[in-house]
Structure formats: structure tokens, C-alpha cells
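Read the structure below first, then the notes.
This is the structure we're talking about:
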């Protein structure tokens, strides 16, 4: 595919970004322009909301002007119909077969609807809080006393309660106020595998997508209760979990965790 | 740090940063920053472990410093010479009014600037293992992408 994009672009395949478990399949850049390409995995073809969640986190992780392109294997046909519905959330939809004849100059170089800086700021603050909560809960609690969370903004844009993600993912996730708390699956060792089933519902519970517009639909955050006798995941994995809306916390009760998270979400100090 | 099995993962990370630098910076600046990122990859071939770790830290930190400095100059026409100066400016003024919060400023200062300074300025200071280097490189990646997203 890269060969079809032309010589004037720098192409990064399966780019490894510090905040994403799974990001775009390809980044193509030239001066002042970054285009993120998404090729749906077979599981995303069956469950398009998973692709939408990947898009949401990727857009939040990439510079504001990054345009996003949905690549479809062939011209739209019935099996792709649900994905085509998602097309409006991308800057452009291109069929792989058309990429041969679509000059890169014709692809959108800048998104028309960059994410509101306040949404990005909220996401960055939530990540910082959840990462602190994962690595040093007492530091996060000190932060709670000092910082007025920017969630006041999120509360204003809230559009009503959403269904708990447990109905879509697993009984291991429960809501406590605006915090979602999950217990680990003892059969899975890696953090990314633990969170895999929860990511789509929790990302899409928090963020609302309307075309290319990305809003905070319901300010929420969560924690995975980590067994105290398991080694903690690496900082890299914790950062990615925090960016996706999850702290990883050992040795604290669900009530204590949800109290802290709800306090941060409410912006009370 | 870069064992044979990690080469692909390392390349994916460096390529992602290069791609973001090209998208965020004027061509000449992106060229300078990306040449430094390429040296991080080249440093992975050095046989002496301590020396390899240090070279990776130095080249990554030069790429991060220069990337942040040139980005600030490009977006705000403001020159700050080092990462501390850039982060302080971003905390106080931001890019187009979008500021780095105090907490994010503290995180990047603690995880990037202070750790890097230890290795760069203290005689005999070397990262002791690849995990330490990886952690610092991750923190630098996160700092750079955070700022490019402001």
C-alpha cells in the first residue's frame, strides 16, 4: 500500500505511539501534514464500534490537524455496510482499489473538524490523573486536594446517563457513580488483554462522536483492580491504560477507588 | 538496549516520532530532528552496553529538545534553549492559548528533564539497564507527542 502513496511522503507502518495500545495502521506525513490510515481488522468489520473507539483514541493521541482516512478492502458492499456508516467520522473513506488512482494530493491533508482543545485538555488531564493513580495513589490523592479538575467543562456537555458498559462487555465491570471498576480476569496476564473487552464500551461511553466532531458525552474514568501479588504492568502499559481511561490499582478497595475517581471527575477539591 | 527481537518494535517507535515531526515542523527542522532520531537507532549497534545506553539517551534527548524548541519557535515565534524553558513557556502561555497544565508540566519535568540531566551532566552516571532507558525514551515520546498535540 505504501508504494501507492507516492514518494514524497514519509510512511510509518504500524506506528508505535506512547499512549495507544492500538493506533492507526499507517501514518503518512509530509511537511505540515499527517494522515492516519485505518484498515479495519476482521473483528472490527464484525464490530464497527471497536473501530470507532480506535479512531477516537487515535485522534486524541495525534496532533489536532491530523486527517483520518478509512481504507476499505474493496468498493462498499453489504458486508462493509456498517463500516461505511462510520465513514462520516473519518476525514475521508477510500477504497484500497481506488488508492491506485487517487493521487495523495487528492486525499484530505487536514481534518475539517479538529477536536476542541478543551476536549483534548480534559483527556490529557484525565490521563495524567489516572497514571498518577496507577503509579502512586498517594500522589494522586495529593493532586486531588490541589487541583480543580477541568471536568466542569465535561459536566456542562454531558448528555445524560449511558448504559453501564457491563451490559456490553462483562459482568466484571460495575459502575460506582461515574467511575467504572473492573476486576482482573485471572486467565490473562497482560494488561492490554485485560482491558481489551472493556475499551470499546468505556471509550464510547465517555466520548460522543457526531461525524468528525468529538465530544465528551459523559465524563467518566475507571480502574482495574490489580491483584497485589501480581507484578505491576510496565509504565508504558500503565500510560496506555490511563490514556484509554483506566487506572490500574492494587491494594485498594473498589469503594476507595471509586471515591477518588468520582471526586476528581466532579471537580470538587 | 535494542536486541535483535526488539528491532522491529524500536523501528516502529522511531518511525512514528519521525512521522509526527514531519507533520508538525518545517521541513528543515524536521530533517534535523529526524537525523537525531536515526542516530538513536544507530546507537543500538554499539557493543559496549553502558556506552550504548548513554548514546541512546543523549541522541533521544537531543531530538526531543530540538523538536520541542523548533516547534515552539515555529508555532509561537518564541525561542527557548532547553526542555525546561520550553515546558515552562508552554505551562505559562501554551500554544495558541492551549496551555500545558501544572500537573503535566510537573510530570514531563520529573520524568524527562530531571532524569536526562542526571545522565547528561553527572560524571560516571550511566543508565543501569535497558528498562531504565526504555522508561526514559517512553517519557520523551509522551512529552513530544503531548506538546505536538497542544
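Protein chains in written order, with the working numbering: chain A, 1005 to 1273; chain B, 596 to 745.
Even for Gly, the Cβ is constructed at its ideal location relative to N, Cα and C.
All values reported here derive from a predicted model rather than from experimental measurement.
Integer-rounded CB distance, given that residue 1259 of chain A should sit under 8 Å from residue 1117 of chain A: Actually they do not touch by this definition, with Cβ atoms about 40 Å apart.
Flag residue 621 of chain B as yes if its beta-carbon sits less than 8 Å from any beta-carbon of chain A, otherwise no. Residue-level contact check: residue 621 of chain B touches chain A, since one or more beta carbons of chain A fall below 8 Å from its beta carbon.
With a CB to CB cut of under 6 Å and the five nearest residues on each side skipped, what residues in its chain are close to residue 634 of chain B? The answer, listed in chain order, is 654.
Between A:1193, A:1191, A:1185, which lies nearest to residue 1206 of chain A when the distance is taken from Cα to Cα? It is A:1185 whose Cα lies nearest to the Cα of residue 1206 of chain A.
One question on the structure: do residue 622 of chain B and residue 1263 of chain A come within less than 8 Å of each other, judged by their Cβ atoms? Cβ atoms of residue 622 of chain B and residue 1263 of chain A: not closer than 8 Å.
Assign residue 1255 of chain A to buried or exposed, taking buried as 16 or more other Cβ atoms, counted over all protein chains shown, within 10 Å of its Cβ. Looking at its Cβ environment, which holds fewer than 16 other Cβ atoms inside 10 Å, residue 1255 of chain A is exposed.
Count the other CB atoms within 10 Å of the CB of residue 664 of chain B; is the residue buried (16 or more) or exposed (fewer)? Residue burial is scored here from C-beta neighbours: residue 664 of chain B has at least 16 other C-beta atoms within 10 angstroms and is therefore classed as buried.
Under 6 Å Cβ to Cβ from residue 1132 of chain A, same chain only, skipping five residues before and after it: list those, please. There are no such residues.
Does the distance from the C-beta atom of residue 617 of chain B to that of residue 1033 of chain A stay below 8 Å? It is a contact, given that the beta carbons lie within the stated cut-off.
If the cut is a Cβ gap below 8 Å, which residues of chain A does residue 751 of chain B touch? With chain B running from 596 to 745 in the structure shown, residue 751 of chain B is simply not present.
Quick one: is residue 668 of chain B near chain A, going by C-beta distance under 8 Å? With 8 Å as the cut-off, residue 668 of chain B does not count as an interface residue toward chain A.
For residue 1145 of chain A, tell me which candidate among B:682, B:740, B:667, B:698 has the shortest Cα-Cα distance. Per the Cα distances, B:698.
Consult DSSP for residue 661 of chain B and reduce its assignment to one of helix, strand or coil. In the displayed model, residue 661 of chain B falls within a helix according to three-state DSSP.
Which residue comes first and which comes last in the beta strand (DSSP E) that contains residue 1027 of chain A? Element bounds for residue 1027 of chain A: n/a, residue is neither H nor E.
My output table needs one value for residue 1131 of chain A: the three-state DSSP class, helix, strand or coil. Correct three-state label for residue 1131 of chain A: helix.
Beta-carbon separation of residue 1188 of chain A and residue 1235 of chain A under 8 Å? No; because the gap between Cβ atoms is not below 8 Å, this pair is not in contact.
Could you pull the DSSP bridge partners for residue 1234 of chain A from this structure? Residue 1234 of chain A pairs with nothing; no bridge assigned.
Does the ligand HEM have even one heavy atom less than 7 Å from the beta-carbon of residue 1199 of chain A? With respect to small molecules bound, the structure shown includes none, and the ligand HEM cannot be examined in it.
Less than 8 Å separating the beta-carbons of residue 1226 of chain A and residue 1250 of chain A? Taking 8 Å as the cut-off, the Cβ atoms of residue 1226 of chain A and residue 1250 of chain A count as close.
With DSSP as the reference, label residue 1221 of chain A as helix, strand or coil. Three-state DSSP puts residue 1221 of chain A in coil, outside helix and strand.
Is it the case that the Cβ atoms of residue 1065 of chain A and residue 1021 of chain A are separated by a distance below 8 Å? At a Cβ-Cβ threshold of 8 Å, residue 1065 of chain A and residue 1021 of chain A count as neighbours.
Any beta carbon of chain A sitting closer than 8 Å to that of residue 618 of chain B? Taking Cβ atoms only, chain A reaches closer than 8 Å to residue 618 of chain B, which makes this a yes.
Can you tell me whether DSSP reads residue 688 of chain B as helix, strand or coil? Here residue 688 of chain B sits in coil by DSSP.
Cβ-Cβ distance between residue 695 of chain B and residue 685 of chain B below 8 Å: Yes, the Cβ-Cβ distance between residue 695 of chain B and residue 685 of chain B is below 8 Å.
Assuming residue 1019 of chain A and residue 610 of chain B are in contact, meaning their beta carbons sit under 8 Å apart, how far apart are those beta carbons, in whole angstroms? Contact holds; Cβ gap of about 6 Å.
Here's the rule: buried if 16 or more other CB atoms are within 10 angstroms of the residue's CB, otherwise exposed. What is residue 1224 of chain A? With 16 or more Cβ atoms within 10 Å of its Cβ, residue 1224 of chain A is classed as buried.
To the nearest angstrom, report how far apart residue 639 of chain B and residue 739 of chain B are at their CA atoms. In a straight line, the C-alpha of residue 639 of chain B is about 21 Å away from that of residue 739 of chain B.
Residue 718 of chain B in three-state terms, based on DSSP: The three-state reading of DSSP puts residue 718 of chain B in coil, since its state is none of H, G, I, E or B.
So if I threshold CB-CB distances at 8 Å, which residues from the stretch 1112-1133 of chain A count as touching chain B? Correct list: 1121, 1124, 1125, 1128, 1129, 1132, 1133.
First and last residue of the uninterrupted alpha helix (DSSP H) at residue 743 of chain B: Residues 725-743.
Which whole-angstrom value is the C-beta distance of residue 1248 of chain A and residue 1025 of chain A, which I expect to be below 8 Å? Right, their Cβ atoms sit about 7 Å apart.
Contacts that residue 1014 of chain A makes with chain B (C-beta to C-beta distance below 7 Å): Taking the beta carbon of residue 1014 of chain A as reference, the chain B residues within 7 Å of it are 613, 614, 617, listed in sequence order.
Alpha carbon to alpha carbon, what distance is there between residue 706 of chain B and residue 1139 of chain A? Residue 1139 of chain A and residue 706 of chain B have their alpha carbons spaced roughly 13 Å apart.
Residue environment, residue 643 of chain B, which counts as buried when at least 16 other CB atoms sit within 10 Å: Within 10 angstroms of the beta-carbon of residue 643 of chain B lie fewer than 16 other beta-carbons, which makes it exposed.
Hey, out of A:1075, A:1137, A:1125, whose CA is closest to residue 1045 of chain A's CA? Closest option to residue 1045 of chain A, Cα to Cα, is A:1075.
Provide the residue span of the alpha helix (DSSP H) that contains residue 708 of chain B, from first to last. Per DSSP, residue 708 of chain B belongs to no alpha helix (DSSP H) and is neither H nor E.
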